[in-house]
Structure formats: structure tokens, C-alpha cells
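One structure is given here, and the rest of the page talks about it.
Residue numbers (the working numbering), protein chains in the order written: chain A, 1 to 75; chain B, 101 to 175; chain C, 201 to 275; chain D, 301 to 375; chain E, 401 to 475; chain F, 501 to 575; chain G, 601 to 675.
As C-alpha cells, then:
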């Protein structure tokens, strides 16, 4: 398993991979992680909003403000 | 596809294009992205408030405070 | 149309003009923009609180704390 | 009308005058503005809590934490 | 009446006196003000939690985190 | 009675003693105060979660994030 | 018992051990603590979301934003 010194290293390891992002409003955004910063602002490509394990709508590229995020996990 | 080093690069790439902004109060503002800063404060031109995929009202130019924003995506 | 480099430029452009401010508590304050700062603290003159497109009460000069603001738009 | 360069100038102009402060919990405190700082922490003298345009209780001198304030307006 | 240059001066003036602290969760703590800092973190001695003008329980010495405080007023 | 210059002095005085911590979600954690920092992040040893004056579960050592804390008081 | 000078020392002591993380949305994430930072952003490996003492779903590696965390305790 890959070892991470700091939490942002784990995000870096997920770059260009599909990730699931859970938001504080209970929405789930799934997409390819393209960029992030120390505020955990995130840019995903080919993103989709999911609800109850089904695609609710396609978003394409999306910028997500960090303070609305609960967790990020590989798909 | 365009590559972004940092999340704000993606916003820069959307300048002068139509974007959808989702707010924490469940409102959706659609407009032409004119300016943004590190707090994700945003200025849109020709903005409209949408609800259930219909225009609720026209706002013209609008300043949106960053901490009220969930996500920003091209229209 | 006027171009804005930074979001606060748009506020500067609205100085001494009538603006609508929407607050997180769903209230709407309409007044003449007199001053603002980087926290988006705002001072309006001749301000009125509106509800359902009607004046609820006259406030005169009012200081609004920035973190309570969702958006600002010309009337 | 007095012109204000910055929002705090308007508060300074209200020093030693009666002001109405609206709080995020929907309470209204009316008193004489004695002191404020950049966080909009406020001290009022001869303060009263109002509800539905009636005095609910007398508070005397009161320190109000800035982050609980929505707006401040002369009485 | 004592004049205060800054809001914290008013807290300093209340040191070793009984104060009422109203919290964002609607609780009221009454005690002797012993210490405070710029975050408005507070230490009270001989503190009591009040509800509907009655003592709900005795707390003795209590540390209150500043961001949970709405207002502080002499008893 | 011990005098405290700053609020954190009171926490320091409670080190290695049993304290009650009330959280914003209405839970109560009781344990031995082992460490704290300026954010009021706390580590307790032999901690228990209490509800209605009864132990709900034993937690052992627990790290509590400061921004979730309302107050801290000796048991 | 191990003594901790600062709260983050306790997190350091739990590195590579199973921890329970309670979130502000009442979810519980259990996993192996791999990394943390001063914001209490956390990376867990082999993480699972639990509800009512049962596994709700397996998450694998997960990045948790610090401001969503209430407490962290060894399993």
C-alpha cells in the first residue's frame, strides 16, 4: 500500500483517477480528479451527480468549493 | 481536454463563458463569468436565477459571496 | 459592458447606485451602496427591507455584516 | 448626507447614538453604541432586547459578539 | 458612565463581577468573569446554568468557547 | 480560589483532572484532560460519553476537535 | 499510559492503528489512520462507514475534511 506523509499526498495520488466526493448537502459528485488546493477546492472532469446509486445529471467539468466537502474516496 | 494545475485555473478557463453556480440555499444562478477571487467571490453578467430548470428572475450583473457557493460548472 | 478584473471592482462600479442585497435569512435589503470592504461588510443609505416585492420597513442608513450576504445586484 | 469611505466609518458616525442591532437568532437589541472593533464586536449602553416592537427586557451595558450580528441601523 | 474605547475594555471592566452569558444554543450561563481572550473564550467562576429564570445546575468554574457566545451582560 | 490571567490557564489548571465537555451536538464527554491547544482541540483519557446522566459508552482516549465544543468544566 | 504534550501527539500515537471518526452528520468512519494535518484533515486506509454498529459500506482509502469531524478515538 502507498504511504502518505500528509493528507494532501493522498489527493495527489488520486489525480486523474475517478473519485467520489460527498458534500455536506448529502449530494455525491463522481468525476476524474484534475486539481485541488489547500482549501480542498476541487476540480473534477467528466463529473456526474449521483443520488441513490444512480446518475442524476452530468456536470462535465466542475469546480467544488472545499468547505462544502465531507470526504473524498476513490471510486 | 485542458489540464488545470490549480482549481482557480479552471475558473479562469471559464471566464466570459456561461456557468451554472449552485448555492447553499439550493438556488441556481446562471450567467457569464466575469471575475472571481481566492475567496471564490464571483461576478456574473447577464445572470438569471433558475428553479426547476426555469428562469425565476433576471438579475443582470450580480456579485455572489464565495462562502455561499457549492459548485460552479459550465452551462 | 464594463469589464471587471476582480469581484470588488463590480461593487465599486455600483457605488452610489441602488442595489438589492439578499441575505442568508431570506431577507432582501435595497439601498444606495455607500461603502464596502474586503469582508463584504456593506453600508447602504436610504435602505428598505423588502418582502414579496413590497417594502416591509424603512431602515435609512444600514451597516450589513458581510458574512450574512448571499448576493448583491443592481436594482 | 455624510459620506463614508469604509463601512466602519458608518459605525463610527453612530457612536453615542441609539442603534438597532439585528441578530442571527432573530432577536433585536437596541442601545447606545459605545464601542466596536474590526470583528464587529459591539458594546451598547442602556440596551434593551425587543420583540415585536416591544421591550422584552432591559440589559444595561451589553457586549455582543460580532459573528452573531446581521445588521446595525440608527434607531 | 464608564467610557470604553474598544469592546474588550467593557469585558475588562466586568472582571470579577457577575455576568450573564447567552449562548447560541439558547442556554444562559451566569458566573463571575475571571478571564477572557480576543476570541471571547471566557472563564467564569461559581457558574450556574439558567433556564426560564431558574438555576438548572451548578457548574463551578467553566471555560466557554468564544464562538458559541451571543452576548455578555452584567447581571 | 485560583486566579487565571487567560482562559487557557484554566484549562491548564484542569490538566490530569476529570472534566465534562459539552459538545454542539448536545453530547457530553467526561474524561481526564491530557492535552489541549489554542484551537481548544482536546485529548481526554478514560473518556466516556454520557447522556441523561448515564454512561452511554466508553471511549478510552479521545481527540475532540475544538470547534465542536461549547464548554468545559471540572467534574 | 502514554503522555501527550499537544493534542496532535495523540493522533500521531494512533498512526497505522484503527480509529473511529465521528462526523458532524452523525456518520461514523472506521479505518487505519495514515495521515493528518493541523486542520485535522485525515486520511484513513481500509475505511468503512458504520451505522448502528454495522458496516454500511466499504470506502477503502478516504480523505476526510477536518471541519466535518467531531472526535477521533482508537477502535
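The C-beta atom is built at its ideal place from N, Cα and C for all residues, glycine as well.
Source: prediction; values computed, not measured.
Does DSSP classify residue i as helix, strand or coil?
i, result
"residue 546 of chain F", "strand"
"residue 503 of chain F", "coil"
Shortest alpha-carbon distance to residue i belongs to which of the options?
i, options, result
"residue 555 of chain F", "F/530, F/513, F/568, F/512", "F/530"
"residue 341 of chain D", "E/466, E/446, E/475", "E/466"
"residue 146 of chain B", "B/112, B/139, B/133", "B/133"
"residue 116 of chain B", "C/204, C/272, C/264", "C/204"
"residue 625 of chain G", "G/661, G/609, G/649", "G/649"
"residue 427 of chain E", "E/471, E/451, E/475, E/461", "E/451"
"residue 311 of chain D", "C/271, C/253, C/261", "C/261"
How far does the alpha helix (DSSP H) with residue i in it extend, from its first residue to its last?
i, result
"residue 410 of chain E", "407 to 413"
Can you name the start and end residues of the beta strand (DSSP E) that residue i belongs to?
i, result
"residue 61 of chain A", "54 to 64"
"residue 219 of chain C", "218 to 223"
"residue 472 of chain E", "469 to 474"
"residue 434 of chain E", "428 to 436"
Checking 7 Å against the spacing of the C-beta atoms, do residue i and residue j come in under that value?
i, j, result
"residue 63 of chain A", "residue 38 of chain A", "no"
"residue 220 of chain C", "residue 269 of chain C", "no"
"residue 373 of chain D", "residue 223 of chain C", "no"
"residue 357 of chain D", "residue 235 of chain C", "no"
- Members of the segment 629 to 663 of chain G near chain A, C-beta cut-off 8 Å: When CB distances to chain A are screened at a threshold of 8 Å, the residues of the segment 629 to 663 of chain G falling below it are 629, 634, 635, 636, 637, 641, 642, 643, 645, 647, 659, 660, 661, 662, 663, in chain order.
- Can you list, in chain order, the residues of the segment 108 to 122 of chain B whose Cβ is nearer than 7 Å to any Cβ on chain A? Going along the segment 108 to 122 of chain B in chain order, one finds 109, 110, 111 with a Cβ nearer than 7 Å to chain A.
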